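Shown next, in C-alpha cells, is the structure this report addresses.
Residue numbers (my numbering): 1197 to 1306.
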C-alpha cells in the first residue's frame, strides 16, 4: 500500500484521498482503521489514552505532511499552545467533519 500523496483540497478528491490515507494507516497498524472510525463518530472532547498517544502523535505528524492550505490550517488549529502532545485523532475528526460537510457526494447521500 502506497502512502497517500498531498491532499489537494479539491472537493472531488476527498473520498479517494481519505480511502488511500485509511488504507495506508491501516497497513502501518491494523487498529488504525477502527481508531479513526471511532474518532470520526466521537462527540465532545477527545482525550487520548496513554496507550494511544504515540499513534495519535504519528497521525498528527502524517496529517501535517499530507495537507496544504485550508486543510492544513484545520490541523494546525489542533496544536497545543504549550507544546504538549498533539491529538491526531481530534485533528482527523475535524478534517473529516469539514471535508464531508463540503463534499457534494456526501450531501446527496444525506
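Every residue, glycine too, gets a C-beta built ideally from N, C-alpha and C.
In this text, all values refer to a predicted model and were calculated from it rather than measured experimentally.
Between the alpha carbons of residue 1206 and residue 1263 lies a gap of roughly 12 Å.
In the DSSP assignment, residue 1214 falls within the unbroken alpha helix (DSSP H) covering 1210-1224.
Proximity of the stretch 1217-1231 to the stretch 1250-1261 meets the contact definition, three or more beta-carbon pairs being nearer than 8 Å.
The residue from 1219, 1296, 1297, 1228 with its alpha-carbon nearest to that of residue 1284 is 1228. Under the three-state reduction of DSSP output, residue 1206 falls in the coil class, being neither helix nor strand. In this structure, residue 1237 keeps its C-beta atom at 8 Å or more from the C-beta atom of residue 1282. Here DSSP, grouped into helix, strand and coil, assigns residue 1240 to coil. Assignment of residue 1201 by DSSP, reduced to helix, strand and coil, places it in the coil class.
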